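Engineer: So the protein lines, in turn, are chains A and B. Counting from -9, one number per residue, gives the positions in the first sequence under the numbering used here. Counting from 85, one number per residue, gives the positions in the second sequence under the numbering used here. Ideal Cβ positions, reconstructed from N, Cα and C, are used throughout, including at glycine. Quick caveat: nothing in here was measured; it's all calculated off a predicted structure.
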Amino acid sequence: MVAAIAVQSVRYNYGDHVAVDDLSLNVENGEFFAILGPNGAGKTTLLNMLMTVTRPRGGQITVMGHDVVTQTEAVRRALGVVFQDPALDDRLTAAENLEIHAVLYALPKAGRREAVRSALEWAQLEQAGSKPVRSFSGGMKRRLELARALMHKPSVLLLDEPTIGLDPQGRRHLWERIGSLRAQGMTVLMTTHNLSEAEACDRVGIIDRGKLVAIGAPAELIAATPEASSLEDVFIAITGKQLFDDSASGRDRLLSFAKQGGEFTQ
Amino acid sequence: MNALGLNPGVVGIMWKREMLRYGRDRSQIFGAISRTILWLVILGFGLGAALREIEGYSYAQYILPGVITLNVLFSSLQCAISLVWDREVGLLRSVIVSPAPMLSVTLGKLFGGATIATIQGAIPLLFIPVLGVRVSPQTIVGALAIMFVMGVAITAFGIIVASRLKTFEGFGAISNGIIQPLYFLSGSIFPLRGVIGGVGFLDIPAHLRDELRQLGIFAIGGGWVVQLPVFIQVLVYMNPVSYQLDLLRYVLLDFQQLPLWADFAVTFGLAPVLAVGAAASVKTMLDKRR
């Protein structure tokens, strides 16, 4: 059987900086896979290549058997994506955000209203459906985004740091939701910094400086590393203790601008 | 790649999105009303007390098309510049990973920006009774059509600019760097040529007025002949907004200062050219990150 996600000797560089270096990994159908790695290790670049936003400079990636370069549209339909920071229109209501998604993914016109309603229900946001997203808490936004990502019934879910910024209740709720999706056979690929969460995954892959440095079930990795009692020990043993500092990108500056009031400051 | 493709549903929903955003942003509507009052009523009647008339029109009447243009410039560029924001931290990120064709997404934004520009541009028209301009329903329809075409052109221009901006932390630079030069150098608030009547001036002798009329310059009262410095003339003639504004003034006041054929050519020729440019810029912007 073809793997849900197959990455073969993929390479990507920004100028001289090699972000992803001859990386190969497979995520099997129905698997719950976590990608770990320090900041700047190449996780985001890998995710961008998976979601067809960035084109690999070498190697091949397929999602549900579709090539990310030549069969972009099929790959996009097969994927449900939840970004690290909310990708919602703050001035629109939850229902309006979902409606846009339904049209972008060409859900049948007759079923759109129902699809929006059931997505709101799934996210437990029926009461807040007609409120602008600006008034939502971080947890509500995340639930809304997860519900949105599932509207077009994707086969693979990509989650970039899904629990970052959530309170323990929000985290637990999200976790239960992801659990129920796994039970239905959904393939889930997520990146995370939270290593205790990663221990709940079927398999994890650790990326460092663009290379896959370890892959396997959490228990196997812990057993294979001397003196390791948790995934965190494995992670530190493999990637070292040095800090990874990046300078702020244009996006980071926009994000901090957003916190001051953003586009509403004129 | 999915960059080419027309999907009316996608165009429609992206248009609707812009309209919903506009409807919930009271500051934008407030801005249009306050600009109109400041420029048309306060400057128009204030400066109009000194400049009694421009070729037979009161100063407030003369700047009416200019104030409409100012509103169109503001709303179109505001809509277009939100692209930077949207691309980095907004909904557009999820649009980019969807199977929807980007051309349709861009067109939706373009038509959304143009529709908002038309609504914002129509606000000064509400002051027509105060200004004493006589207009027919056809005139209003014509003016709205020109505003829409201008809106397409300027939103497209804004998208071309926005697609090249890495970050965006305030509208001030756009306002001072793009909107105001385009506005001031378009013949919006001072005429390109003609006779301006000022306070305390002697009437023009009848024979001189006839001579001027033969040259295509109409003067009712007394006044002086405007002669702009050459560098301003050059800038005004180079500014495409001058022609769009001139056409608007022709439709609203039956008065124009530039050749009519040039007005039509620039107004209706520029919009599709810039729209294609905007679509290409969005494609380049996305390709660059690939």
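As a quick exercise: from B:D347, B:E253, B:I200, B:L209, pick the residue whose alpha carbon is nearest that of B:M322.
Structural biologist: Relative to the Cα of B:M322, the nearest Cα in the group B:D347, B:E253, B:I200, B:L209 belongs to B:D347.
Engineer: Find the nearest neighbour of B:D371 within the set A:Q(-2), A:G27, A:V59, judged by alpha-carbon distance.
Structural biologist: A:V59
Engineer: Using 8 Å as the limit for Cβ to Cβ distance, is B:V94 near chain A?
Structural biologist: yes
Engineer: On the three-state DSSP scale, how would you describe A:G55?
Structural biologist: coil
Engineer: Assuming A:F73 and A:D192 are in contact, meaning their beta carbons sit under 8 Å apart, how far apart are those beta carbons, in whole angstroms?
Structural biologist: With a Cβ gap of about 23 Å, A:F73 and A:D192 do not count as contacting.
Engineer: With 8 Å as the threshold, decide whether the Cβ of B:L167 is near any Cβ in chain A.
Structural biologist: no
Engineer: B:S166 lies in the alpha helix (DSSP H); which residues open and close that run?
Structural biologist: 143 to 173
Engineer: Tell me which same chain residues have a C-beta within less than 6 Å of the C-beta of B:G150, skipping the five on either side of it?
Structural biologist: S272, I273
Engineer: Is it the case that the segment 246 to 258 of chain B contacts the segment 200 to 220 of chain B, given that we only count it when at least three CB pairs across the two stretches are under 8 Å?
Structural biologist: Pairwise C-beta distances place the segment 200 to 220 of chain B out of contact with the segment 246 to 258 of chain B, as fewer than three of them are shorter than 8 Å.
Engineer: If you follow the beta strand (DSSP E) that A:Y2 is in, where does it begin and where does it stop?
Structural biologist: -5 to 4
Engineer: Can you check which of these residues, A:G48, A:G195, A:S220, is closest to A:P28 by C-alpha distance?
Structural biologist: A:G195
Engineer: Could you work out which residue in A:L140, A:A227, A:V146, A:D150 is closest to A:L97 when comparing CA atoms only?
Structural biologist: A:L140
Engineer: Sorted by chain position, which residues of the same chain lie with C-beta nearer than 7 Å to A:A227's C-beta, five sequence neighbours on each side aside?
Structural biologist: Around A:A227: T215, A218.
Engineer: What number of angstroms, rounded off, separates the C-alpha of B:L104 from the C-alpha of B:A355?
Structural biologist: Taking C-alpha positions only, B:L104 is separated from B:A355 by approximately 24 Å.
Engineer: Comparing alpha-carbon positions, which option in B:Y141, B:V360, B:A133, B:F252 lies nearest B:Q402?
Structural biologist: In the structure displayed, chain B extends from 85 to 374; residue 402 of chain B sits before or after that span and is not available.
Engineer: Just to confirm, are A:L40 and A:L148 a CB contact at a threshold of 8 Å?
Structural biologist: yes
Engineer: Classify B:P343: buried if its beta carbon has 16 or more other beta carbons within 10 angstroms, exposed otherwise.
Structural biologist: exposed
Engineer: Please report the Cβ distance between A:L136 and A:R167, rounded to the nearest whole angstrom; I am assuming they are in contact, meaning their Cβ atoms lie under 8 Å.
Structural biologist: 6 Å
Engineer: Select from A:A190, A:E151, A:M130 the residue whose C-alpha is nearest the C-alpha of A:G169.
Structural biologist: A:A190
Engineer: Any beta carbon from chain B within less than 8 Å of A:L136's own beta carbon?
Structural biologist: Chain B contact via Cβ: absent.
Engineer: Which ranges would you report for the alpha helix (DSSP H) in the segment 225 to 276 of chain B if only whole runs of at least 4 residues count?
Structural biologist: 264 to 268
Engineer: To the nearest angstrom, how far is the alpha carbon of B:L175 from that of A:A100?
Structural biologist: 24 Å
Engineer: Can you name the residues of chain A whose CB is closer than 7 Å to the CB of B:S182?
Structural biologist: R66, L94, Y95
Engineer: Could you check whether A:L88 and B:R101 sit closer than 8 Å to each other, using their CB atoms as the reference points?
Structural biologist: no
Engineer: Quick check: the Cα distance between A:F225 and A:H56, rounded to an integer number of angstroms?
Structural biologist: 32 Å
Engineer: Let me know if B:L299 comes out buried or exposed under the rule of 16 or more other beta-carbons within 10 Å of its beta-carbon.
Structural biologist: Around the Cβ of B:L299, a 10 Å sphere holds fewer than 16 other Cβ atoms; the residue is exposed.
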